[in-house]
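Each residue of the sequence shown is one higher than the one before, starting from 13 at the first, in my numbering. Just so you know, even glycine gets a beta-carbon here, dropped at the ideal spot from N, CA and C.
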Amino acid sequence: MDFIERHAEETLKRFVSSFPAILVTGARQTGKTTILKKIADENSVLSTTFDDVTEEQSALSDPKTFLELHESPYMFDEVQYVPDLFRYLKMEIDRNRHNGMYYLTGSQQFKLTEKATESLSGRIGIVQLYPLSAREIRRDPFSDAFFPSKEYIMGRNKAFADYNFSIRKLWERIYTGGYPEVIKGSVSPRDFYASYLKTYIERDIKNLSQVADEMQFLQFITVVASRTSQLVNYGDLVRECGISEVTAKKWLSLLVTSGIVYLLRPYSSNVEKRVVKTPKMYFMDTGLAAYLTRWTNPEVMQNGAMAGAFFETYVVSEVIKSFANRGEDAPLYFYRDKDKIEIDLLIEENNTLYPVEIKKTASPNSDDAKNFFITDRLKNVQIGQAVIVCGTDKVVSVKRGEKAALAIPVEFL
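Below, the structure written as C-alpha cells:
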C-alpha cells in the first residue's frame, strides 16, 4: 500500500507556522517520525534521533552545547530519552524566537506533554498521533471532528450516498486495528502485535517504570484488554492478576501514559449526586486488544461475547482520533448513574451536549433510544441531536416516548 496521508499533517503544518516548537507524541509505531520527517524534509530541516546512543549521551551530558551544534530549525526524534532538553529549548526559543524552530517526536505522551507544557508553555503546538483512523484507511479527506449535529449528519449522508457499506469489512477493520505497518500489509497482524508487545514492555515500560515481572505485566495488559469499554475496577484487576491495588493503579497509569489505553471521564457537572464517578477504560487500537484476547478471525469476533465491547471501543477510539488529528482534546464523557442507566458518550461543544449511544446492531429500533430520557436530568446545558452509532447502512429516525434520535452508520464517524 502507498503512503497513507495523515489528517494530522495539515494540523502540524499549521503549528509549524504558529509555534516555535511542535511535538508529535503518542504510542509506539503510530507513524510519528514518518509524518514529522515528511514535513521537516519539505522545509529542508535536518534531523537526528535519540535512538542513537551517541546523540542521546551528547544531549544528556551537555544540552546547551548540543543545541549549539544542532542549530535551529532542527528535528529531534524520540525526545523522551532526553527530557531535560526542554529547559534548554526554552532558552534557545526565548533568545531568538521565531516559528518552526524545533520539530519534536516522542512516546510517553502524557509525561512528554506535561514536560513540554511546563517548559514551553505558549511556545509549542502538540499533536497526539494515534493509529490510523477509518477515514485515513479508506482515503477519506474529511477531517472535521465528530459533533453529531444535524448539519454534520446531512453532510455525511450526502458524502456516503453511493458508498457500499459492508459489515464484513467493518469487522475486518476492527479485528486488524489501525497500526500503519499492519494496514500496509508489510507484516501479518499476529506477527506485528507479538513483536510490538515485546518491544513495548522491554523498552517503553522499562523506561517509564521498574516493572519487576514482565510476564505479570503482560497478564495485566491482557486483562485490561478483556475489559475494554468497562468501568475501571481495581478490585477485579487485583484479583485476576495477583497484584496489589497500588500496582494495579500504577500499571494502568503506565498504559494511559504510553497511549495504549484511554480513560473516558464520567459526566458529573450539573447533575445529581447519584452518578458514577469512576472512569471507563478503552484500548485505543482494537487490533492490539483482539490479539491480546486471542480472537482468531473477524467472523468469530463479530459473533463472540466481546462483540459489543469491541464495537464500542472502535467507535470511541474513532471519535477521539477525529479530535486528536486536529490538535484538540476530545471533549468526551459518559453518563452512568447508580441505577445503571447509561449513555455511552456525551460530546460537549459550546455548552451543548450531544448524547450518543453505541450499538452494533444493523437494525436499530426504539429500545436503542430508551436511555435518552436521562438527558432531562442534565441542568444548565443545551442538549443537542441524540444519535445512535450502529451497523445500519442508512440514517434511520428512532423514537422512544418523547425522545427522538437518529441512528447513523458507523462509517459517518
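Boundaries of the alpha helix (DSSP H) in which Gln-69 is found, first to last residue: Taking the sequence shown and counting its residues from 1, one reaches residue 69 at position 57. Unbroken alpha helix (DSSP H) run through Gln-69: 65-73.
With Ala-39 and Ile-136 assumed to form a contact (beta carbons below 8 Å), what rounded beta-carbon distance in angstroms separates them? In the sequence shown, counting from the first residue as 1, residue 39 sits at position 27. In the sequence shown, counting from the first residue as 1, residue 136 sits at position 124. Not a contact, Cβ separation roughly 20 Å.
Go ahead and pull the three-state DSSP assignment for Ser-256. Locating residue 256 in the sequence shown gives position 244, where the first residue counts as 1. Ser-256: coil per DSSP, three-state reduction.
With Met-227 as the anchor, note down where its alpha helix (DSSP H) starts and where it stops. As a first step, residue 227 must be located in the sequence shown, where it is residue number 215. According to the DSSP assignment, Met-227 belongs to the alpha helix (DSSP H) that extends over 226-238.
By DSSP, does Tyr-187 sit in helix, in strand, or in coil? Position 175 of the sequence shown holds residue 187. The answer is helix: DSSP assigns Tyr-187 an H, G or I state.
Return helix, strand or coil for Leu-144, following the three-state DSSP convention. If you number the sequence shown from 1, residue 144 lands on position 132. Residue state, collapsed to three classes: coil.
First and last residue of the beta strand (DSSP E) that includes Glu-369? Position 357 of the sequence shown, counted from the first residue, corresponds to residue 369. Run containing Glu-369: 364-370, per the beta strand (DSSP E) assignment.
Three-state secondary structure assigned by DSSP to Val-399: Here the question's residue 399 lines up with position 387 in the sequence shown. Here Val-399 sits in strand by DSSP.
Helix, strand or coil at Met-87 according to DSSP, with G and I counted as helix: One-based indexing of the sequence shown puts residue 87 at position 75. For Met-87, the three-state secondary structure derived from DSSP is strand.
Return the residue from the list Thr-77, Ile-138, Met-318, Thr-60 that minimises the CA-CA distance to Ala-20. Looking up residue 20 in the sequence shown gives position 8. Nearest C-alpha to Ala-20 among Thr-77, Ile-138, Met-318, Thr-60: Ile-138.
Backbone secondary structure at Arg-452 - three-state DSSP: Nothing can be reported for residue 452: it is not among the residues displayed for the chain, which extend from 13 to 425.
Identify the continuous beta strand (DSSP E) that holds Ser-409 and give its terminal residues. Taking the first residue of the sequence shown as 1, we reach residue 409 at position 397. Per DSSP, Ser-409 is one residue of the beta strand (DSSP E) stretching across 408-412.
Using C-beta distances below 6 Å, list every residue in its chain close to Val-250, excluding the 5 sequence neighbours before and after it, in chain order. Numbered from 1 along the sequence shown, position 238 holds the residue referred to as residue 250. For Val-250, where only same-chain residues beyond five positions count, the Cβ hits under 6 Å are Glu-257, Ala-260.
N-terminal and C-terminal residue of the alpha helix (DSSP H) that Arg-338 is part of: Mapped onto the sequence shown, residue 338 falls at position 326. Per DSSP, Arg-338 belongs to no alpha helix (DSSP H) and is neither H nor E.
Since Thr-325 and Ala-301 should fall inside the 8 Å C-beta cutoff, what is the C-beta to C-beta distance between them, to a whole number of angstroms? On the sequence shown, position 313 is the one that residue 325 refers to. On the sequence shown, position 289 is the one that residue 301 refers to. Indeed they touch by this definition, with Cβ atoms about 7 Å apart.
Leaving out the 5 sequence neighbours to the left and right, which residues in its chain are closer than 6 Å to Glu-226 when beta-carbon positions are compared? If you number the sequence shown from 1, residue 226 lands on position 214. Contacts found: Ile-213.
Drop a sphere of 10 angstroms on the beta-carbon of Ser-145, count the other beta-carbons inside from all chains shown, and report buried for 16 or more, exposed for fewer. Counting from 1 along the sequence shown, the entry for residue 145 is found at position 133. Only buried fits Ser-145, as 16 or more other CB atoms lie within 10 angstroms of its CB.
Compare the Cα-Cα distances from Thr-117 to each of Phe-323, Thr-61, Phe-172 and report the closest residue. Residue 117 sits at position 105 when you count from the first residue of the sequence shown. Considering only alpha carbons, the answer is Thr-61.
Under the rule that 16 or more other beta-carbon atoms within 10 Å means buried, what is Thr-308, buried or exposed? As a position in the sequence shown, residue 308 is number 296, starting the count at 1. Of the residues assessed, Thr-308 falls on the exposed side of the cut-off, its CB having fewer than 16 other CB atoms within 10 angstroms.
Using the rule of at least 16 other Cβ atoms within 10 Å of the residue's Cβ for burial, across every protein chain shown, is Asp-89 buried or exposed? Taking the sequence shown and counting its residues from 1, the one referred to as residue 89 is at position 77. Buried.
Need the endpoints of the beta strand (DSSP E) that Leu-387 sits in, please. Position 375 of the sequence shown holds residue 387. This sequence places Thr at residue 387; Leu is not what is there. For Thr-387, no beta strand (DSSP E) segment is defined, and its DSSP state is neither H nor E.
Buried or exposed (CB count within 10 angstroms, at least 16 for buried), Thr-240: Taking the sequence shown and counting its residues from 1, one reaches residue 240 at position 228. Under a 10 Å Cβ-count criterion, Thr-240 is classified as buried, with 16 or more other Cβ atoms of the shown protein chains found around its own Cβ.
Arg-18 burial status per 10 Å Cβ neighbour count (16 or more: buried): As a first step, residue 18 is located in the sequence shown; it is residue number 6 there, counting from the start. It is buried - the Cβ of Arg-18 has at least 16 other Cβ atoms within 10 Å.
Distance between Glu-361 and Asp-156 (C-alpha atoms, nearest Å): Locating residue 156 in the sequence shown gives position 144, where the first residue counts as 1. Locating residue 361 in the sequence shown gives position 349, where the first residue counts as 1. About 14 Å.
Which residues does DSSP pair with Gly-137 in a beta bridge? Taking the first residue of the sequence shown as 1, we reach residue 137 at position 125. Answer by DSSP bridge pairing, in chain order: Ile-34.
Work out the CA separation of Gln-314 and Ile-195 for me, nearest whole Å. To locate residue 195, count along the sequence shown from 1; it is residue 183. To locate residue 314, count along the sequence shown from 1; it is residue 302. Each residue's alpha carbon lies about 20 Å from the other.
First and last residue of the beta strand (DSSP E) that includes Glu-361? By 1-based counting over the sequence shown, the position of residue 361 is 349. Segment 354-361, the beta strand (DSSP E) holding Glu-361.
One or two residues paired with Val-273 in a DSSP bridge: As a position in the sequence shown, residue 273 is number 261, starting the count at 1. DSSP, once it has assigned bridges, lists Phe-295 as partnering Val-273.
Only counting the same chain, and skipping five residues up and downstream in sequence, which positions put a Cβ closer than 7 Å to that of Phe-177? In the sequence shown, residue 177 corresponds to position 165, counting from 1. So the qualifying residues of the chain are Asp-405, Pro-421, Glu-423.
Output needed for Asp-63: all residues of its chain with C-beta closer than 6 Å, excluding positions within five of it in sequence on either side, in chain order. Within the sequence shown, residue 63 is the residue found at index 51, counting from 1. Taken in chain order, the residues that qualify are Glu-90.
Determine, using beta carbons only, whether Phe-78 and Ser-70 come nearer to each other than 8 Å. Start at 1 with the first residue of the sequence shown, and residue 78 comes out as number 66. Start at 1 with the first residue of the sequence shown, and residue 70 comes out as number 58. Against a cut-off of 8 Å, the Cβ pair of Ser-70 and Phe-78 comes out as a contact.
Member of Gly-271, Glu-184, Gln-140, Asp-356 whose CA lies at the smallest distance from the CA of Asn-383: Position 371 of the sequence shown, counting from 1, holds the residue named residue 383. With distances taken between Cα atoms, Asn-383 lies closest to Asp-356.
Same chain only: Cβ atoms within 7 Å of Lys-415, ignoring 5 sequence neighbours per side: Counted from its first residue, the sequence shown places residue 415 at position 403. Cβ within range, chain order: Ala-381, Phe-384, Phe-385, Ala-398.
Residues bridged to Pro-421 (per DSSP): By one-based count along the sequence shown, residue 421 stands at place 409. Answer by DSSP bridge pairing, in chain order: Cys-402.
Short of 7 Å in beta carbon distance, which residues of its chain neighbour Phe-31, apart from the five on each side in sequence? Order them along the chain. The residue given as residue 31 occupies position 19 in the sequence shown. Within the same chain, Phe-31 has close Cβ partners Asn-111, Arg-135, Ile-136, Gly-137.
Lys-162 - DSSP class collapsed to helix/strand/coil: Numbered from its first residue, the sequence shown carries residue 162 at position 150. The three-state reading of DSSP puts Lys-162 in helix, counting H, G and I together.
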